[in-house]
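Here's the structure, in structure tokens; my notes come after.
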């Protein structure tokens, strides 16, 4: 079971982050279209660089397992805010599905908040360091 937990935590971090990494990259290549979409939804397009930075940096931090709990918490919030701002039209089946996708991803990030990144993570770098100070 430990074997499965070790690998599933590592690959789970990668899989849940890929959607953000790819979304951030596609927003760079389709910057004008994304900015126009944000404007149409009533969101200032000046926020787009922050969105891109959040998606790409957050994804990389989760993949590396660095500041995992904090980053996962922030990305869960990002998912919830995005769902409410962009996908709250339940009369449109596509938007309803996208809303639920964001909710599911937020749930996955909350699992990372609760359980941590697992064995292969930079967060664990200092866990193996010998104790220092008077008690060493």
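Numbering (this note's numbering), first residue to last: 2 to 137. Every residue gets a Cβ at the ideal spot worked out from N, C-alpha and C, and that includes glycine.
So residue i and residue j are in contact, right, with Cβ under 8 Å, and what is the actual spacing, rounded?
i	j	result
residue 76	residue 110	5 Å
residue 122	residue 59	Incorrect: roughly 15 Å between the Cβ atoms, too far for contact.
residue 52	residue 28	7 Å
residue 120	residue 10	7 Å
residue 49	residue 32	7 Å
residue 103	residue 84	4 Å
Apart from the five residues on each side of it in sequence, which residues of its chain come closer than 6 Å, Cβ to Cβ, to residue i?
i	result
residue 72	59, 62, 63
residue 46	36, 39, 40
residue 90	96
residue 108	none
residue 133	No answer about residue 133 holds up, because its pLDDT of 48 lies below 50 and its placement is not dependable.
residue 70	114
residue 25	53, 56, 57
residue 17	109
Can you tell me where the alpha helix (DSSP H) holding residue i begins and where it ends?
i	result
residue 94	94–116
residue 76	69–87
residue 25	3–30
What residues in its chain sit with their C-beta under 8 Å from that of residue i, if we drop five residues either side in the sequence?
i	result
residue 3	none
residue 19	60
Apart from the five residues on each side of it in sequence, which residues of its chain come closer than 7 Å, Cβ to Cβ, to residue i?
i	result
residue 42	86, 87
Residue i and residue j: beta carbons closer than 8 Å?
i	j	result
residue 21	residue 56	yes
Legend entry - Completely contained alpha helix (DSSP H) runs for the stretch 29–64, where each covers 4 or more residues: Runs found: 32–41.
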